[in-house]
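Enquirer: Here the protein sequences come in this chain order: Y and S.
All letters in the first sequence, in the order written, are residues 1 to 230 by this note's numbering.
All letters in the second sequence, in the order written, are residues 1 to 230 by this note's numbering.
Ideal Cβ placement from N, Cα and C applies to all residues, glycine included.
No experiment lies behind these values; they were computed from the predicted model shown.
Sharing a structure below in structure tokens format, with a few things to ask.
Number of protein chains: 2
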Amino acid sequence: MTQPPDSIEDSVISAILGGRLRPGTRLGEAKLAEVYGVSRTRVREAMMRLETRGIVHVSARRGWFVVEPSATEARAAFQARRVIETGMLRDLHTLPEHTLRGDAVAHLRAHVEEEREALHTGHVGSRTCLLGDFHIHLAHAFGNPFLTDILRDLTARTTLVSMLYQSDQDAAASSDDHAGIVTLLADGDYAGAARLMDEHIRRVEDGLDLAAAPDPLAGLREILSPGAPA
Amino acid sequence: MTQPPDSIEDSVISAILGGRLRPGTRLGEAKLAEVYGVSRTRVREAMMRLETRGIVHVSARRGWFVVEPSATEARAAFQARRVIETGMLRDLHTLPEHTLRGDAVAHLRAHVEEEREALHTGHVGSRTCLLGDFHIHLAHAFGNPFLTDILRDLTARTTLVSMLYQSDQDAAASSDDHAGIVTLLADGDYAGAARLMDEHIRRVEDGLDLAAAPDPLAGLREILSPGAPA
DNA sequence: TGCACCAATCTTGTATACAAGACTGTTGAG
DNA sequence: CTCAACAGTCTTGTATACAAGATTGGTGCA
């Protein structure tokens, strides 16, 4: 939760969530070591931790790369999120006392409001970041730290998927879903919230063009597009 | 999946699942390096990966230790498993084609049979190992590699919990639950299987004495008990 | 005796050195 | 001109060296 302790990992993850690091990007140990002002040792440690979390992978003696989920992996990641998030919401009604922690609904409502604003200002980076954060906040509200961590990593993965398969997923529609879920939660209709969450994640997944093989030259094309600086 | 690549991690995990490594056990880098015939570097890498998976933790300049889940963490780990495993089973009916992979039910049936035999022979180590493996196999049958990995680690955690809070959880009752789940799956009654799974995990959790603080001297007492070698 | 202080030892934390493989660009033959 | 072979460079893989903190055991004072 704090900044200094493992800032390399958090830094990479937030760069991914914010769309500043694209799938397939190479992360050289030496470069990162220089950026963070530490030796390669600590960079390697951070990379390995990120690897076990499924965020980056290593190609032997070539370097570390932000993962590029295949279509199969993409589907699996969304399925995993669907299973866990709907399971979480459905579990709420079995917890008579716990329910959601404190002012969770109020926080979520405020978050959805933030999403709305980001939609209007149109800042694409913070927009996708906020849309992903909603699910993490929801997990946090549920109060199970294990599930929160798991969903944080899965969300990072699906964010990468969205970047790869260029969904024109209506950000507005997503935010509407989020608002609907919060409303149902406020009413205590957990089963309904779970159902809507299921539809929501399916909708996002269906918005992706998983049939289209990811273009390995995407980055290159962008650079070579007319108007690029010499 | 293969043996040689990351055998240190797998070795530690299987030692935990098999009850050969107890919570709180210290894992010295130098010792492990000698055992595995490598330098401390690789041991450290393995430990860090296990740390991000929540299996071990490091105490600054004191060493690596197998985690000792607190009562709160124990409850959270069981809740996470319940959410995910029931969510998985409930999701089966929404997958018209997929359902369970191939001969999964047959495999699970065979596994339950193995459990029964282990119960009779009474080998305690392999027994707890098998009872945990059932859930991992079930996840594998579902076919989502992410969920399989997640549940593997969560199961390792709950195994540690069971060791700490000395549940007299009837192994026989657990195995009966497993058998019941397999039967319901074979009948295609996924909702029923999910319900039974929910009860099953609750039962195991309730069998634990989470109120009893774990005894930090357990290992010592055992060594000093009458009959121990000089 | 009881306790505070201190030195010796051990263990992890971090950096660095070197080995091994992958990629790049050049060169020379056909 | 095309392409195969090769040397050079770059990057990761692994080990080792040293620094920093923790623990332990001993010593001396009250």
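Would LEU138 of chain S and LEU108 of chain S be called neighbours here (beta carbons separated by less than 8 Å)?
Expert: Looking up residue 138 of chain S in the second sequence gives position 138. Looking up residue 108 of chain S in the second sequence gives position 108. Cβ distance < 8 Å, so LEU138 of chain S and LEU108 of chain S count as in contact.
Enquirer: Which residues in the same chain as ARG26 of chain S place their Cβ atom closer than 6 Å to its Cβ, once the five residues preceding and following it in sequence are excluded?
Expert: Taking the second sequence and counting its residues from 1, the one referred to as residue 26 of chain S is at position 26. For ARG26 of chain S, same chain residues with a beta-carbon under 6 Å away, outside a window of 5 residues either side, are GLY63 and PHE65 in chain order.
Enquirer: Between the beta-carbon of ALA77 of chain S and the beta-carbon of PRO69 of chain S, is there less than 8 Å?
Expert: The sequence position of residue 77 of chain S within the second sequence is 77, counting from 1. The sequence position of residue 69 of chain S within the second sequence is 69, counting from 1. Cβ atoms of ALA77 of chain S and PRO69 of chain S: closer than 8 Å.
Enquirer: With a CB to CB cut of under 6 Å and the five nearest residues on each side skipped, what residues in its chain are close to PHE142 of chain Y?
Expert: Locating residue 142 of chain Y in the first sequence gives position 142, counting from the first residue. If we look at PHE142 of chain Y and ignore the five residues flanking it on each side, its Cβ neighbours are MET88.
Enquirer: Tell me whether the beta-carbon of THR52 of chain S lies closer than 8 Å to the beta-carbon of ARG49 of chain Y.
Expert: Reading the second sequence from its first residue, position 52 is the one you call residue 52 of chain S. Reading the first sequence from its first residue, position 49 is the one you call residue 49 of chain Y. In contact: THR52 of chain S and ARG49 of chain Y (Cβ atoms closer than 8 Å).
Enquirer: Take the Cβ of ARG101 of chain S as the centre, count every other Cβ of all protein chains shown within 10 Å, and call the residue buried at 16 or more, exposed below.
Expert: Reading the second sequence from its first residue, position 101 is the one you call residue 101 of chain S. Classification for ARG101 of chain S: exposed.
Enquirer: Against ARG235 of chain Y, what residues of chain S qualify as contacts under a CB-to-CB distance less than 9 Å, listed in chain order?
Expert: The first residue shown for chain Y is 1 and the last is 230, placing residue 235 of chain Y beyond what the model contains.
Enquirer: Short of 8 Å in beta carbon distance, which residues of its chain neighbour ALA15 of chain S, apart from the five on each side in sequence? Order them along the chain.
Expert: Counted from its first residue, the second sequence places residue 15 of chain S at position 15. Once the five neighbours on either side are set aside, the close Cβ partners of ALA15 of chain S are LEU21.
Enquirer: Just list the alpha helix (DSSP H) runs in the region 118 to 158 of chain Y, keeping only unbroken ones of 4 residues or longer that don't cross its boundaries, in chain order.
Expert: 124 to 142
Enquirer: Taking 8 Å as the CB-CB limit, is GLY87 of chain S close to chain Y?
Expert: The sequence position of residue 87 of chain S within the second sequence is 87, counting from 1. With 8 Å as the cut-off, GLY87 of chain S counts as an interface residue toward chain Y.
Enquirer: For GLU85 of chain Y, which residues from the same chain have a beta carbon less than 6 Å from its beta carbon, with the 5 sequence-adjacent residues on both sides left out?
Expert: By 1-based counting over the first sequence, the position of residue 85 of chain Y is 85. For GLU85 of chain Y, where only same-chain residues beyond five positions count, the Cβ hits under 6 Å are MET197.
Enquirer: Are the beta-carbon atoms belonging to LEU185 of chain S and ALA179 of chain S less than 8 Å from one another?
Expert: What you label residue 185 of chain S is simply residue 185 of the second sequence in a count that begins at 1. What you label residue 179 of chain S is simply residue 179 of the second sequence in a count that begins at 1. Result no, Cβ atoms of LEU185 of chain S and ALA179 of chain S do not sit closer than 8 Å.
Enquirer: In the DSSP assignment, find the unbroken alpha helix (DSSP H) run with VAL43 of chain Y in it and report its ends.
Expert: One-based indexing of the first sequence puts residue 43 of chain Y at position 43. Start and end: 40 to 52.
Enquirer: Please report the straight-line C-alpha distance between ASP176 of chain S and ASP168 of chain Y, rounded to a whole angstrom.
Expert: For the purposes of this step, residue 176 of chain S is taken as residue 176 along the second sequence, with counting starting at 1. For the purposes of this step, residue 168 of chain Y is taken as residue 168 along the first sequence, with counting starting at 1. Cα to Cα, ASP176 of chain S sits roughly 49 Å from ASP168 of chain Y.
Enquirer: Between the region 143 to 156 of chain S and chain Y, which residues of the former have CB atoms less than 8 Å from a CB of the latter, in chain order?
Expert: Against chain Y - using a Cβ distance shorter than 8 Å - the residues of the region 143 to 156 of chain S are ASN144, PRO145, PHE146, LEU147, ILE150 and LEU154.
Enquirer: Of the residues Y:ARG40, Y:ALA46 and Y:ALA74, which one's Cα is nearest the Cα of ILE13 of chain Y?
Expert: Indexing the first sequence from 1 puts residue 13 of chain Y at position 13. Nearest C-alpha to ILE13 of chain Y: Y:ALA46.
Enquirer: What number of angstroms, rounded off, separates the C-alpha of GLN3 of chain Y from the C-alpha of TYR36 of chain Y?
Expert: Locating residue 3 of chain Y in the first sequence gives position 3, counting from the first residue. Locating residue 36 of chain Y in the first sequence gives position 36, counting from the first residue. Below a pLDDT of 50, predicted positions are generally treated as unreliable, and GLN3 of chain Y, at 39, falls in that range; the measurement from the model is reported next regardless. Near 13 Å, if we compare the C-alpha coordinates of TYR36 of chain Y and GLN3 of chain Y.
Enquirer: Would ASP91 of chain S count as contacting chain Y if we go by Cβ distances under 8 Å?
Expert: As a position in the second sequence, residue 91 of chain S is number 91, starting the count at 1. It does; some Cβ of chain Y falls within 8 Å.
Enquirer: With H, G and I counted as helix, E and B as strand and the rest as coil, what does DSSP make of ARG26 of chain Y?
Expert: Here residue 26 of chain Y corresponds to residue number 26 of the first sequence, with the count starting at 1. ARG26 of chain Y falls in the strand class under three-state DSSP.
Enquirer: Is GLY63 of chain S helix, strand or coil by DSSP?
Expert: Mapped onto the second sequence, residue 63 of chain S falls at position 63. Residue state, collapsed to three classes: strand.
Enquirer: Going by DSSP, name the residue or residues bridged to VAL56 of chain Y.
Expert: Against the first sequence, residue 56 of chain Y aligns to sequence position 56. Answer is Y:VAL66.
Enquirer: Would you identify the three-state DSSP class for ALA191 of chain Y, choosing helix, strand or coil?
Expert: Looking up residue 191 of chain Y in the first sequence gives position 191. Three-state result, ALA191 of chain Y: helix.
Enquirer: Quick one: grab the DSSP three-state call for TYR36 of chain S.
Expert: In the second sequence, residue 36 of chain S corresponds to position 36, counting from 1. In the structure shown, TYR36 of chain S falls within a helical segment according to DSSP collapsed to helix, strand and coil.
Enquirer: Hey, how far is the Cα of LEU95 of chain S from the Cα of PRO145 of chain Y?
Expert: Taking the second sequence and counting its residues from 1, one reaches residue 95 of chain S at position 95. Taking the first sequence and counting its residues from 1, one reaches residue 145 of chain Y at position 145. PRO145 of chain Y has its alpha-carbon roughly 29 Å from the corresponding atom of LEU95 of chain S.
Enquirer: Since SER167 of chain Y is in the alpha helix (DSSP H), which residue starts that stretch and which ends it?
Expert: In the first sequence, residue 167 of chain Y corresponds to position 167, counting from 1. Run containing SER167 of chain Y: none; DSSP gives neither H nor E here.
Enquirer: Going by other Cβ atoms of all chains shown within 10 Å of its Cβ, with 16 needed for buried, is ALA211 of chain Y buried or exposed?
Expert: For the purposes of this step, residue 211 of chain Y is taken as the residue at position 211 of the first sequence. It is exposed - the Cβ of ALA211 of chain Y has fewer than 16 other Cβ atoms within 10 Å.
Enquirer: Anyone know if the C-beta pair for THR121 of chain Y and THR159 of chain Y falls short of 8 Å?
Expert: Translated into positions along the first sequence, residue 121 of chain Y becomes position 121. Translated into positions along the first sequence, residue 159 of chain Y becomes position 159. For THR121 of chain Y and THR159 of chain Y, no; Cβs fall outside 8 Å.
Enquirer: Which of helix, strand or coil does DSSP assign to LEU95 of chain Y?
Expert: In the first sequence, counting from the first residue as 1, residue 95 of chain Y sits at position 95. DSSP places LEU95 of chain Y in coil when its eight states are reduced to three.
Enquirer: GLY132 of chain Y and GLU17 of chain Y - do their beta-carbons sit closer together than 8 Å?
Expert: Position 17 of the first sequence, counted from the start, is the residue given in the question as residue 17 of chain Y. Position 132 of the first sequence, counted from the start, is the residue given in the question as residue 132 of chain Y. For clarity, residue 17 of chain Y is Leu in the given sequence; the question names Glu instead. Yes, they are a contact pair.
Enquirer: Using a Cβ cut-off of 7 Å, pull out every chain Y residue sitting near GLU45 of chain S, in sequence order please.
Expert: Your numbering for residue 45 of chain S matches position 45 in the second sequence. MET48, listed in chain order.
Enquirer: Measure the alpha-carbon distance for ALA172 of chain Y versus GLU34 of chain Y and round it to whole angstroms.
Expert: Here the question's residue 172 of chain Y lines up with position 172 in the first sequence. Here the question's residue 34 of chain Y lines up with position 34 in the first sequence. Going by the C-alpha atoms only, they are around 40 Å apart.
Enquirer: Please tell me whether, using a cut-off of 7 Å, the distance from the CB of THR121 of chain Y to the nearest non-hydrogen atom of the ligand SAH is below it.
Expert: As presented, the structure is devoid of all ligands, the ligand SAH included, so that no description of it is given.
Enquirer: For my contact list, TYR190 of chain S and ARG90 of chain S are in at a C-beta cut-off of 8 Å; report their separation, rounded to the angstrom.
Expert: Locating residue 190 of chain S in the second sequence gives position 190, where the first residue counts as 1. Locating residue 90 of chain S in the second sequence gives position 90, where the first residue counts as 1. Correct: roughly 6 Å between the Cβ atoms.
Enquirer: Just curious, the alpha helix (DSSP H) that ALA15 of chain S is in, first and last residue?
Expert: As a working mapping, residue 15 of chain S is identified with position 15 in the second sequence. Start and end: 7 to 17.
Enquirer: Is VAL12 of chain Y close to chain S? Criterion is C-beta to C-beta, closer than 8 Å.
Expert: Here residue 12 of chain Y is taken as the residue at index 12 of the first sequence, counted from 1. No, because no Cβ of chain S sits closer than 8 Å to the Cβ of VAL12 of chain Y.
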